[in-house]
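Protein chains in written order, with full-length UniProt numbering: chain R, 1 to 118; chain D, 1 to 118. In what follows, a single structure is set out as structure tokens and then discussed.
Protein chains: 2
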Amino acid sequence: MNQRQALTSFAALSQETRLQIIRLLVVAGPEGLAAGALAEKLEVSPSNISFHLKELEHSGLIGAQRQSRSIIYTANYESLGGLIRFLMEDCCSGHPEICAPAAVVATCCTPKMEEKLQ
Amino acid sequence: MNQRQALTSFAALSQETRLQIIRLLVVAGPEGLAAGALAEKLEVSPSNISFHLKELEHSGLIGAQRQSRSIIYTANYESLGGLIRFLMEDCCSGHPEICAPAAVVATCCTPKMEEKLQ
DNA sequence: TCAATAATTAAAGGACTATTGAAATATGAA
DNA sequence: TTCATATTTCAATAGTCCTTTAATTATTGA
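Printed below as a string of structure tokens:
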């Protein structure tokens, strides 16, 4: 993740519909969700969800693949992780105390680490 | 950090000059940097840096305080940490594997955790 | 092939954002 | 007070982004 990618990722996440799409796709997991399902859940028009999905796809935060008549979108976990790292590396280079609270969240996600910290 | 704050934070970070301001302020630490110093480092006009600083201040990612003739800007570590947590909590609710790589960065920032993990 | 479904693309508008240059405000020093 | 410094504010312009509607593409089944 370079600065160029981070900028487009931040731009992608700075719009309400798109941020909600990401949240839904992250929770949906590898099976993803169809464009129509997202439009229905978020109560926006098909063309509008399509517009935002294209923005997110262009940023690399999501991926798409056709499945019959539907197009299934999935969160790109590497890109999302990369963006988090980008933010954290910046703060690490200066003042690690920014990262400390994030580390707490990180440990709650990684059981193996939690065990070691007992 | 709620979704409303996250949206304005992402918008604030989605512009090159503003992202660079944040990076400079994070590295600068609690002493911060004057508006003029930032303008000089980033080679933008005083009025332009002022515009972007106001955007960042409005988002809560930075703070300001006058010191003699200069206005000193500092990174708001709590907001930055909160934004990182916001991104990570979303992924935790779904698929923790996003957080795992971030946790590696987090440990490099928190020496105490690194010791425990030995 | 024809109709239905799922989604995208295109065009037009209105709204917001960024940049520039000039004028205004605030502070400190002579 | 007057001048210089540091920064902000204002107004105008250009550019970008979001939404809407209508038209188009792709796929499936009768």
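All C-beta atoms in this analysis are idealised placements derived from N, C-alpha and C, irrespective of residue type, glycine included.
- Task: Using the Cα positions of D/Arg66 and R/Met1, report the straight-line distance between them to the nearest angstrom.
- Result: The alpha-carbon atoms of D/Arg66 and R/Met1 are separated by roughly 36 Å.
- Message: Would D/Leu61 and D/Leu33 qualify as a contact pair, given that the criterion is a beta-carbon distance under 8 Å?
- Response: No; because the gap between Cβ atoms is not below 8 Å, this pair is not in contact.
- Item | Residues bridged to D/Gln65 (per DSSP) | Its beta-bridge partners are D/Ile72.
- Task: Please decide whether D/Glu43 counts as near chain R, where near means a Cβ-Cβ distance under 8 Å.
- Result: Judged by the 8 Å Cβ criterion, D/Glu43 is not in contact with chain R.
- Measuring only between beta-carbons, confirm whether R/Tyr73 sits less than 8 Å from chain D. The C-beta of R/Tyr73 comes no closer than 8 Å to any C-beta of chain D.
- Beta-carbon neighbours of R/Ala51, restricted to chain D and to distances below 9 Å: Per the sequence shown, the amino acid found at residue 51 of chain R is Phe instead of Ala. None at all; the shortest Cβ gap to chain D is about 17 Å.
- Message: Would D/Gly29 pass as an interface residue toward chain R - the criterion being a Cβ-Cβ separation below 8 Å?
- Response: Judged by the 8 Å Cβ criterion, D/Gly29 is in contact with chain R.
- Query: Do R/Ser70 and the ligand HEM come close, with the Cβ less than 7 Å from some heavy atom?
  - Reply: Ligands displayed in this structure: none; no statement on the ligand HEM is therefore possible.
- Using a beta-carbon distance below 8 Å, is D/Met88 in contact with chain R? Closer than 8 Å: yes.
- Query: Is it buried or exposed for R/Phe86, if we count other Cβ within 10 angstroms and need 16 for buried?
  - Reply: The residue is buried, with at least 16 neighbouring Cβ atoms inside 10 Å.
- Query: By how many angstroms is the C-alpha of R/Glu97 removed from the C-alpha of D/Met113?
  - Reply: Its pLDDT being 49, under 50, D/Met113 is placed unreliably in this model, and the value from its coordinates should be taken loosely. Just so you know, the alpha carbons of D/Met113 and R/Glu97 end up roughly 13 Å apart.
- Message: R/Ala75 and R/Val44 - do their beta-carbons sit closer together than 8 Å?
- Response: Result no, Cβ atoms of R/Val44 and R/Ala75 do not sit closer than 8 Å.
- Task: Could you check if R/Gly82 is buried or exposed, using at least 16 other CB atoms within 10 Å of its CB as the buried criterion?
- Result: Label assigned to R/Gly82: buried.
- Does the Cβ-Cβ distance between R/Gln15 and R/His52 come in under 8 Å? Contact: yes.
- Under 8 Å between C-beta atoms, does R/Leu7 make it to chain D? Yes, because at least one Cβ of chain D sits closer than 8 Å to the Cβ of R/Leu7.
- Message: Would D/Leu56 pass as an interface residue toward chain R - the criterion being a Cβ-Cβ separation below 8 Å?
- Response: Using beta-carbon distances, D/Leu56 does not count as an interface residue toward chain R, since no partner is under 8 Å.
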